[in-house]
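Please read the structure below before turning to the comments.
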Amino acid sequence: MTAQKDNGKSLKARKPGRPRGGKPSGDNREHLLDIALRLFSQQGIGHTSLNAIAREAGVTPAMLHYYFNSREQLLDVVIEERFLPLRSEITAIFAAHPEDPVTALTEMVKTLAELAARYKWFAPLWMQEVIGEMPVLRQHLNVRFGEDRYQQTLASVKRWQQEGKINPHLTAELLFTSLLSLVLVPFSRMRNDERLASLTTEIIISNALALMRQGINN
């Protein structure tokens, strides 16, 4: 290997791939994913750069690129390792209760609340995707995995309506968005709104289920 001179000192050419300033490890990788998700949930995916993630994590951009060589690869990892396992927990409920929509939707509400309590980024990231100008996560998810599961859930709702198992006046395309909002909006707001600071997971679940089952009628 050819040495280079710099101010009279011999510097060996560094091998490509591994950055200076730290030893790569699985813990570092998980920490970077945690930081990325937190920033995504605070300011949106479209407004969060790889350099911003590196600064927040206290590592060099080279270290970040060692694990994720592009923003697209980082999003792939976030979806596959952090987001899809949560979605799988929810979709498993409908697989377990294909003929009992009330039980399925009740368990969905409970699971959403438990996930939002466990993963602090989940609810605010969902809010960023809903109200932001660029729903990056949803677009990336659709490109990678298509909309098959979404279409299957819509078909299930419409079948339940035809079978007289749920309200025929519901709009299938709005049902899941409405339930997500009932659960995730309070979780997202309670951390920044002192009026909602006393909310608990149990209160949010109870409120969502009351609205789902009885609406506003006494």
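Just so we're aligned, residue 1 is where the sequence shown starts under full-length UniProt numbering, counting upward by one.
From the three backbone atoms N, C-alpha and C, an ideal C-beta is built for every residue, glycine too.
*Pull up the distance between the alpha-carbon of ASN207 and that of ILE45, whole angstroms please.*
Here the question's residue 207 lines up with position 207 in the sequence shown. Here the question's residue 45 lines up with position 45 in the sequence shown. Distance between the alpha carbons of ASN207 and ILE45: 30 Å.
*So the alpha helix (DSSP H) PHE176 belongs to, where does it begin and stop?*
Here residue 176 refers to the residue found at position 176 of the sequence shown. For PHE176, the enclosing alpha helix (DSSP H) starts and ends at 172 to 189.
_Distance between beta carbons of GLN161 and LEU170, contact taken as under 8 Å_ = On the sequence shown, position 170 is the one that residue 170 refers to. On the sequence shown, position 161 is the one that residue 161 refers to. Contact check for LEU170 and GLN161: beta-carbon distance about 7 Å, within the 8 Å limit, so the pair qualifies.
*Quick one: measure Cβ to Cβ for LEU154 and GLU173, integer angstroms, because I've assumed they're closer than 8 Å.*
Within the sequence shown, the letter at position 154 stands for residue 154. Within the sequence shown, the letter at position 173 stands for residue 173. LEU154 to GLU173, Cβ: 7 Å. Contact.
*Report the option in SER88, ARG159, GLU81 and ILE204 whose CA atom is closest to the CA atom of GLU99.*
Reading the sequence shown from its first residue, position 99 is the one you call residue 99. Checked all of SER88, ARG159, GLU81 and ILE204; the closest Cα to GLU99 is ARG159.
*What distance in whole Å lies between the Cβ atoms of LEU50 and LEU64, which are believed to be in contact at a cut-off of 8 Å?*
Locating residue 64 in the sequence shown gives position 64, counting from the first residue. Locating residue 50 in the sequence shown gives position 50, counting from the first residue. Going by Cβ atoms, the distance from LEU64 to LEU50 rounds to 6 Å, so yes, they are a contact pair.
*Given SER41 as reference, the closest of ILE53, ALA123, ALA52 and ASP27 once Cα atoms are compared*: The residue you call residue 41 lines up with position 41 of the sequence shown. Put simply, of ILE53, ALA123, ALA52 and ASP27 the residue whose alpha carbon is nearest the alpha carbon of SER41 is ALA123.
*According to DSSP, is PHE68 helix, strand or coil?*
Counting from one through the sequence shown, the residue named residue 68 turns up at place 68. Reduced to three states, the DSSP call for PHE68 is coil.
_Boundaries of the alpha helix (DSSP H) in which SER206 is found, first to last residue_ = What you label residue 206 is simply residue 206 of the sequence shown in a count that begins at 1. Where SER206 is concerned, the enclosing alpha helix (DSSP H) stretches over 201 to 214.
*GLY17 in three-state terms, based on DSSP*: The sequence position of residue 17 within the sequence shown is 17, counting from 1. In this predicted model, GLY17 has a pLDDT of only 44, less than 50, meaning its place in the structure is not dependable enough to derive any value.
_Cβ-Cβ distance between residue 220 and VAL109 below 8 Å_ = Here the chain comprises residues numbered 1 to 218, so residue 220 is not present and cannot be evaluated.
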